[in-house]
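I have placed the structure first, in the form of structure tokens, so that the comments after it can refer back to it.
In the numbering used here, the protein residues as written are 5 to 113.
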């Protein structure tokens with residue numbers, strides 16, 4: 005039993021540290037409700053990796069984050085409410101507490 009738990013923990017840890025590049029659909033909640041979805045190339049990673057990359061401790065180590073550039077020099081870091089990015093919209097929040105919906109759907113509709 006202990007060996008099984010150890011193997012499971014090692015598998016989860018190895019998956020948690022990998023930053024996957026994916027096309028994501030995102031939309032932000034604004035003054036007029038939800039914006040139209042837009043597609044971006046993003047990196048999906050854990051807070052531990054973000055903390056290492058930014059040499060900070062701003063991010064929850066076990067949380068999942070979606071990081072994408074929306075201009076040449078502007079970036080959004082969204083913390084997901086669930087541990088994995090899915091094909092259906094799921095709640096996320098940015099570093100300012102603003103609400104977002106994000107998915108890895110094949111097309112943004």
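Idealized CB from N, CA, C, for every residue including glycine.
The beta-carbon separation of residue 97 and residue 31, rounded to 13 Å, does not stay under the 8 Å limit for a contact. For residue 101, the closest of 37, 46, 80 by C-alpha to C-alpha distance is 80. Assigned with DSSP and collapsed to three states, residue 53 falls in helix.
According to the DSSP assignment, residue 33 belongs to the beta strand (DSSP E) that extends over 24 to 34.
In the DSSP assignment, residue 83 falls within the unbroken beta strand (DSSP E) covering 79 to 84.
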